[in-house]
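Enquirer: Residue numbers (our numbering), protein chains in the order written: chain L, 18 to 456; chain H, 18 to 456; chain D, 18 to 456; chain X, 18 to 456. Note that the Cβ used here is the ideal one computed from N, Cα and C, for glycine as well. Bear in mind the structure is a predicted one, so any value in this text is a computation, not a measurement. Dropping the structure in here first, questions after.
There are 4 protein chains.
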Amino acid sequence: MEGGRVHKRGRAGMLALLRYLGRMVSEIIELRGHIIDSLILPKVLDEILMHGGNFKIKEIKIGQNRVNQSYACIEVTAPKHEALDDIVLRLRQHGAEVMEKADAQLAAAPADGVFPTDFYVTTNQQTFVRIGGKEIEVLPTIMDSGIVVDRKAGRASTAKFYEIRRGMEVVVGHQGIKVAPMQRATSRTDIFEFMANNISVERPKSAIIREIAREVQRARESGGKILVVAGSAVVQTGASEHLEKMIEWGYVDLLFGGNALAVHDVENVLFGTSLGVNLDQVALTSLGHANQMRAINTVRAAGGIACAVKKGVLKDGLMATCVRRGIDFVLAGSIRDQGPLPEVITDAVEAQKAMREKIGGVTIALMMSTMLHSMAVGSLLPAGVKTLWVDISPGAISKLTDRGTFQALGLVTDIEPFLRELTGCLESLRASEKSSTKS
Amino acid sequence: MEGGRVHKRGRAGMLALLRYLGRMVSEIIELRGHIIDSLILPKVLDEILMHGGNFKIKEIKIGQNRVNQSYACIEVTAPKHEALDDIVLRLRQHGAEVMEKADAQLAAAPADGVFPTDFYVTTNQQTFVRIGGKEIEVLPTIMDSGIVVDRKAGRASTAKFYEIRRGMEVVVGHQGIKVAPMQRATSRTDIFEFMANNISVERPKSAIIREIAREVQRARESGGKILVVAGSAVVQTGASEHLEKMIEWGYVDLLFGGNALAVHDVENVLFGTSLGVNLDQVALTSLGHANQMRAINTVRAAGGIACAVKKGVLKDGLMATCVRRGIDFVLAGSIRDQGPLPEVITDAVEAQKAMREKIGGVTIALMMSTMLHSMAVGSLLPAGVKTLWVDISPGAISKLTDRGTFQALGLVTDIEPFLRELTGCLESLRASEKSSTKS
Amino acid sequence: MEGGRVHKRGRAGMLALLRYLGRMVSEIIELRGHIIDSLILPKVLDEILMHGGNFKIKEIKIGQNRVNQSYACIEVTAPKHEALDDIVLRLRQHGAEVMEKADAQLAAAPADGVFPTDFYVTTNQQTFVRIGGKEIEVLPTIMDSGIVVDRKAGRASTAKFYEIRRGMEVVVGHQGIKVAPMQRATSRTDIFEFMANNISVERPKSAIIREIAREVQRARESGGKILVVAGSAVVQTGASEHLEKMIEWGYVDLLFGGNALAVHDVENVLFGTSLGVNLDQVALTSLGHANQMRAINTVRAAGGIACAVKKGVLKDGLMATCVRRGIDFVLAGSIRDQGPLPEVITDAVEAQKAMREKIGGVTIALMMSTMLHSMAVGSLLPAGVKTLWVDISPGAISKLTDRGTFQALGLVTDIEPFLRELTGCLESLRASEKSSTKS
Amino acid sequence: MEGGRVHKRGRAGMLALLRYLGRMVSEIIELRGHIIDSLILPKVLDEILMHGGNFKIKEIKIGQNRVNQSYACIEVTAPKHEALDDIVLRLRQHGAEVMEKADAQLAAAPADGVFPTDFYVTTNQQTFVRIGGKEIEVLPTIMDSGIVVDRKAGRASTAKFYEIRRGMEVVVGHQGIKVAPMQRATSRTDIFEFMANNISVERPKSAIIREIAREVQRARESGGKILVVAGSAVVQTGASEHLEKMIEWGYVDLLFGGNALAVHDVENVLFGTSLGVNLDQVALTSLGHANQMRAINTVRAAGGIACAVKKGVLKDGLMATCVRRGIDFVLAGSIRDQGPLPEVITDAVEAQKAMREKIGGVTIALMMSTMLHSMAVGSLLPAGVKTLWVDISPGAISKLTDRGTFQALGLVTDIEPFLRELTGCLESLRASEKSSTKS
């Protein structure tokens, strides 16, 4: 009668005996929503069996068609309390709720920057915590954090190590936690969930890029913030002119990058070296580096990128366009940086904070040709943000989309033609927008 | 009342009207088996909605636990006959059966090497065809073929273009076809379905290699044939000594490769060049090529690999080991071949035939460092054959596992250390086998 | 007094002794041309020392400036005859000539398809053979072949294994052989030798693509044949429309590819599937394959590509454009082919022959997204043919350019945008050509 | 009479006229050393012509054999002073000295952190600067820096932006600078210069790894410091046990890495998760992350890695081995870090400084599976340090070796088997060392 893996190993009788003897422990969980076609029910059954548990479906109602929600009530059994606990924690990530509801357990942080033992670690899914019988949303949604509860204010917030102060009340265990996992939309108009995560090299990309342009347009129309994360290859491949157009047209609200992005941009503007490199391999030697160093020196002498723009030292390029258009940017430092430029935040923790402060309201993120920044920013975004990764290396794309949600799309392609085509599509959308505004 | 995508677009009313007017067509299909945890039900609902159809679940019984099978009866609706037909064809690939059963439709091949229009194209899943009210299994299971029916003999067989003769009766449409898709095993002891398709570079591989060794051992014990498909990198990286051991120990029943595999092996044996290359970059120039050409010439002069072994010209190496141990091999030609060696089958169609003839009974296939042969052989194997792909390029591995079934595993790693470790594991298994035989 | 590696190992004394005892052997070689700036002299000295020899520069004249040629006369010493012989053979590949000139040695082929032992293996450099005191050019220039001499006709020709008939006179050893290695041009207008072999992902490519367009234009103007080798990714990524334009405009004289190239093209034209795939991942499953099979069947039923075009079955696409414009194409088979289409040459050796027959007069070769065909065709071309490799995988590009000569260029980029941009450049060149013709 | 590119364009006459009119400028430079076989002379002539100059060889003496040095005296001509200046600066990087020797020019830094305009940018080659008629070596040798001169102390030192204080005297222009480029050794025993930069996937690696082990052994015997730079893949692939052995045996003097390296190590030790992951793909989800967060929390609670080792919280693993053996390590922060661990230097500039302070005396650097740290550390090392890069991605390896010197070697392979084999070789060397010590 009992199922799954354990049964298969022919120990069904012993298990029945164990339960009879009170040695098997169980918990009843409930699932609601599009649990069939969002693959939630199968995943839940999988998790139970994969981690040594067993299940009995007590009740199931399947929505007759797509829009109807479904419901399942499942008894989960495991041989030990620890194992059951581990399984239920996993099931919570898929939206499972334990039937007998209890408040979250809290413990005080033992020291500044240190969580209490067994603190609950958040995911990038919308999360609620039950305090005093009430469910409170944990804000902001950010993964790999703890949850600090302010009982007086009735508030629960995610916190990173550096935000923890001794004595703060932090959620421990996973009792009283409810996760609301992203479910697939019932319509199929959205390229970010409609497509597989990973667009291979062999696929035609024009139609996909056209759809991405539409999503960017939709984000702007709906007032969502558009974040661009750019690696220095954007400048080196000559793609920055396209990105500048996107900024000019109002399609970029926020630009994240590293010192190298700005340095290559400034060098390109001041010395035209990237152009000079075009047909001149030799320029890759010492003299090319010298230009880079002089570009940095020029900006440092001017007091920074913004000052260099104001003083007329820096007239063109990606960074000047940001400054002129008032686009917020964060340049984060890394150990391979030269200089760095004055605006660069060299401390990694400070740079993370600066990025976190600015990403509120972002609904679409375009990550281009940078693994380091893409992973850093990716871990700061809630699961619902539409995220595009563009990189020419299939390895980088698989790494990035490995952690993917329904809302992520990886594109293996060259960044310069990608941005050229995206800009072309946006230009068409702008044109039809205008003509429709007129009429 | 109607669900899905169409409904969402607010055309429910029109659809209801259409059906009322007899313009909507529908068919009732059934699903049986582990349709929840093998993800079959969700995929079926997905296919219906993705292709413009709609569904109504008429009956559903979910197995309470893992071993119990489930059942679903679904009414599929679409606006046109063509669309419904297309959907039902897709659902058949997931094991769906149409309730009102009918015989398959047959048409005569119009010419040698040409199928009738609208011929049914097979997949690599076990397939049955209903003829005269009886279900006959289509043999052998091979994808991208047509189905030829011999009504008198009550036999249905897959056939490639070159096997078709004018007048043969071929299945057209998809009526009367039943596919039995691979379902995930209820136990979790099998690495080939337990793991994700794709093992990334960052993962520890020792445990996985140990499991693969056990699978190879199990295949041998159960009398399944073990197929090795090897690229020339196996020889070039110095890994052939490991493969030779596997052959000596009886772990290889069949070796598929190209001319280059054998040429590199012979050159290595006769001139030690791969070893000579070790610390000698210069040998990559003309003289290295000369050795290759002379190696080919020597084997041609001897009348082929087997003759060269018999005459004592070729004493060692991979090919000599195969000849001495009587291992069947197929060397398929390609346009970049030098020579080629006499045993090489230069005609692509003939080489495919030779491989097809030999793969009957193969239960495990190890594909190493060759994209071309891996794809060619992969398309000849039924879905149930456990298939391992090893390649150092993540791009190659994703390409190969893209078409993957539950029984496929891709490993991104260097072939020489992989084979060294695999051989080490097999040696341990042999040792414990012997000691257990003794006791 | 003696230098090099041997000396460094502290065996100078012994070597001096050996020579005194007449056990050291030596030969005097001469080098002529741009031996300094084509790096020939350094390479020659390197080869001598790397292979256990030693040298003494007896005379050297360096051209004072770029256009002046230089001359060096070098005594090469080695401890044994075999070693000296090996060294001198290597030096010949760099253009070295032995001072005391002798005729080439000939031996009769022992059997059909078998060279005599120690046959000279050609490179892709222009080669001369001294017969009866006269130097004869070996034609055609093709690597990895033997040299057959027809003394009566005073002709020397390269021959592959399959061209050898018993009794033919073949050059053995390397006496009497003179190689004329490609030297770098003194001007720097040529992108194929001016650039490094390998253009990395980070480099801006527009300027390079513009230069490639100019080279293609120059080839056409000078009457050189333009060869395109295309993988199926050209069609799959939607790039075939660009290639069709190039054909229409007269920029393609010869198209080499595989069965898959033509099959994808036909499927695209007949079923629009590649477009259908655009936003429809699901189409990658069985039904996508069915379209491919039906496309093949349609062409087979029509009697081949050319017939399908004539009958109006195939109206558009890459293959139809070739047929309509009378462009010569070779489709070579491989073991992963479906079908194949009637025009495909399934035998690898026959396909090589067909390609060899057509490549005479080719001055520029564009190899796109196919490793197998690129390597196969690359080994058929003389060193002087300008060769471009385009592939998105840096691994493929390094493999291809590894064997590179001064005339090869590898570009790591996406094929669709590359061809789009190249076609754009060619369009501009056409426009300016026309306007200059008018005025 | 005049050569090169300019001449080819048929402007020889005009050039002669220009010079006659005093509009051509020239400078005489000298080259000494192994300028032929270290390819210095060809590169110098190349640079001149590539940048619009012209040359006349006034005198040349070629060493008759390998050990003899050569000498060349060349007149370089260019149409303008700026062009000539640019060319001579480039030639200096190849060791060229201007015949009429002058002192270096100095200018005061205009502000803290800002160099004077036109400051000389260093390379990673040994560099001398002429001050008061005397040549002073610039120390330490570090690329992409300026040169600060302390005339009173007779000292010249490289300085980064952050080390510059207002008023410091900095070298501007390139007069008075002499670079001593690495020349290839005359012996061929050194794998780091003997091999091509880039060892491809197809090559056998055992012999190379054996040679690397010998170099590591030699470095230790000669008292050179051995630096290991490790990415977190070293731990994730299960390779840290090998690295721990190397540390135990005294083969590592210095370990550089990031927060992730230490976090993965600690997580592995405390929770065995990397092992738990082995056969358990699901552990990649939320719970795996939770272990990582708890590992960080544990070390933070203990007050850092060193404290955690002392308190017995951390008993094993890479970091504990470093602490117990007193091995110096630098953990540099990055924006994708979680935590971070207390020892991590989160400020990029501070981390650079910490690394620079420790690398004095390093003679061999092994960089494993980390692009970011490899590039950062690579830019801090003088050209003479033997540098090995190991990475499974050919793209990463080409990027790293692009900037390569004679002393760099890139190996495309899997890190775990690489380290296993390297450790095996070192074990053998240790064994033979001991036995030879005994006897």
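#1: Within 10 angstroms of its Cβ, does residue 156(H) collect 16 or more other Cβ (buried), or is it exposed?
#2: If the cut-off is 8 Å on Cβ atoms, which residues from the region 119-134 of chain X count as contacting chain L, listed in chain order?
#3: Are the CB atoms of residue 335(L) and residue 270(L) nearer to each other than 7 Å?
#4: Return the residue from the list 286(D), 230(D), 221(D) that minimises the CA-CA distance to residue 289(L).
#5: Enumerate, from N- to C-terminal direction, the unbroken beta strand (DSSP E) stretches of 3 or more residues contained entirely within the region 316-390 of chain D.
#6: Does residue 86(H) have its Cβ less than 7 Å from a Cβ in chain D?
#7: Could you tell me whether any Cβ in chain D is nearer than 7 Å to the Cβ of residue 74(X)?
#8: Does chain X have any CB closer than 7 Å to the CB of residue 53(D)?
#9: What is the DSSP secondary structure of residue 183(H), reduced to helix, strand or coil?
#10: Measure the CB-CB distance between residue 136(L) and residue 195(L) and report whether it falls below 7 Å.
#11: Counting only Cβ pairs nearer than 9 Å, list the residues of chain H close to residue 431(D).
#12: Specify, as a first and last residue, the run of the beta strand (DSSP E) that residue 244(H) falls within.
#13: Pick from 168(D), 425(D), 163(D): whose alpha carbon is nearest that of residue 150(D)?
#14: Does residue 220(D) come out as helix, strand or coil in the three-state DSSP assignment?
#15: Quick one: measure Cβ to Cβ for residue 69(D) and residue 100(D), integer angstroms, because I've assumed they're closer than 8 Å.
#16: Give me the subset of the region 396-426 of chain X whose CB atoms are less than 8 Å from a CB atom of chain D, sorted by chain position.
#17: To the nearest angstrom, how far is it from the Cα of residue 133(D) to the Cα of residue 307(H)?
#18: Mapping DSSP to helix, strand and coil, what is residue 412(X)?
#19: When you compare the CB of residue 386(D) with every CB in chain H, is at least one pair closer than 7 Å?
#20: I need the boundaries of the alpha helix (DSSP H) containing residue 65(D), first residue and last residue.
#21: DSSP has residue 167(D) in a bridge; who is on the other side?
#22: So what does DSSP say about residue 110(L), is it helix, strand or coil?
#23: What would DSSP say about residue 74(H), mapped onto helix, strand or coil?
#24: If I measure Cβ to Cβ from residue 75(L) and keep anything under 6 Å in the same chain, skipping five residues before and after, which residues do I get?
#25: Round the Cβ separation of residue 414(X) and residue 398(X) to the nearest angstrom and send it over; I've been treating them as touching at under 8 Å.
#26: Give a yes or no on whether the C-beta atoms belonging to residue 430(H) and residue 431(X) are separated by under 7 Å.
#27: What residues in the region 219-234 of chain X bring their beta carbon closer than 8 Å to a beta carbon of chain B?
#28: Going along the region 251-272 of chain L in order, which residues come within less than 7 Å of chain D, judged by CB to CB distance?
#29: Run the CB neighbour count on residue 116(H), radius 10 Å, all protein chains shown included, and call it buried at 16 or more, exposed below.
#30: Mark residue 85(H) as exposed unless 16 or more other C-beta atoms lie within 10 angstroms of its C-beta, in which case mark it buried.
#31: Quick one: list the residues of chain X neighbouring residue 434(H), beta-carbon separation under 9 Å, in chain order.
#32: What does residue 381(D) reach in chain X if we use C-beta pairs closer than 8 Å?
#33: Which one of 394(H), 357(H), 409(H), 119(H) has the shortest CA to CA distance from residue 372(H)?
#34: Going along chain D in order, which residues have a C-beta closer than 8 Å to the C-beta of residue 11(X)?
#35: Would residue 392(H) count as contacting chain D if we go by Cβ distances under 7 Å?
#36: Can you tell me which of 164(D), 199(D), 274(D), 258(D) puts its alpha carbon nearest to the alpha carbon of residue 112(D)?
Expert: On the basis of the supplied data:
#1: Only exposed fits residue 156(H), as fewer than 16 other CB atoms lie within 10 angstroms of its CB.
#2: Listed by position, the residues of the region 119-134 of chain X near chain L (Cβ gap below 8 Å) are 127, 128, 130, 131, 132, 134.
#3: The Cβ atoms of residue 335(L) and residue 270(L) lie no closer than 7 Å to each other.
#4: Closest option to residue 289(L), Cα to Cα, is 221(D).
#5: For the region 316-390 of chain D, whole beta strand (DSSP E) runs of length 3 or above, ordered along the chain, are 345-349, 379-385.
#6: For residue 86(H), the closest Cβ of chain D is not nearer than 7 Å.
#7: So yes, residue 74(X) belongs to the interface.
#8: Contact with chain X is found for residue 53(D), since one of that chain's Cβ atoms lies less than 7 Å from the residue's Cβ.
#9: The answer is coil: DSSP assigns residue 183(H) none of H, G, I, E or B.
#10: Not a contact, by the Cβ cut-off of 7 Å.
#11: Residues of chain H passing the Cβ test: none, with the nearest at roughly 13 Å.
#12: Segment 242-247, the beta strand (DSSP E) holding residue 244(H).
#13: Ranking the options by Cα distance to residue 150(D), first place goes to 168(D).
#14: Residue 220(D): coil per DSSP, three-state reduction.
#15: Between residue 69(D) and residue 100(D), the beta carbon gap of about 6 Å places them in contact (Cβ cut-off 8 Å).
#16: Residues passing the 8 Å Cβ filter: 411, 412, 415, 416, 419.
#17: Each residue's Cα considered, the two are about 13 Å apart.
#18: For residue 412(X), the three-state secondary structure derived from DSSP is helix.
#19: No, residue 386(D) does not count as interfacial toward chain H.
#20: Boundaries of the alpha helix (DSSP H) around residue 65(D): 57-67.
#21: Its beta-bridge partners are 172(D).
#22: Under the three-state reduction of DSSP, residue 110(L) is assigned to coil, being neither helix nor strand.
#23: Residue 74(H) sits in a strand when the DSSP states are folded into three classes.
#24: Within its own chain, the residues whose Cβ lies closer than 6 Å to the Cβ of residue 75(L), once the five positions on either side in sequence are excluded, are 90, 92, listed in chain order.
#25: Actually they are not in contact, since the Cβ atoms of residue 414(X) and residue 398(X) sit about 17 Å apart, beyond 8 Å.
#26: Less than 7 Å divides the Cβ of residue 430(H) from the Cβ of residue 431(X).
#27: The question asks about chain B, but that chain is absent: this structure's protein chains are L, H, D and X.
#28: Taking a C-beta cut-off of 7 Å against chain D, the contacting residues of the region 251-272 of chain L are 253, 254, 255, listed in chain order.
#29: Classification of residue 116(H): exposed, given that the 10 Å Cβ count is below 16.
#30: Looking at its Cβ environment, which holds fewer than 16 other Cβ atoms inside 10 Å, residue 85(H) is exposed.
#31: What residue 434(H) touches in chain X: 222, 430, 431, 433, 434, 435, 437, 438.
#32: Proximity of chain X to residue 381(D) at the Cβ level (cut-off 8 Å) is not reached, the minimal Cβ distance being about 22 Å.
#33: That would be 394(H), whose Cα lies nearest to the Cα of residue 372(H).
#34: Residue 11(X) lies beyond the stretch modelled for chain X, which goes from 18 to 456, so this question has no answer here.
#35: Between residue 392(H) and chain D, the shortest Cβ-Cβ separation is below 7 Å.
#36: When each option's Cα is compared against that of residue 112(D), the closest is 199(D).
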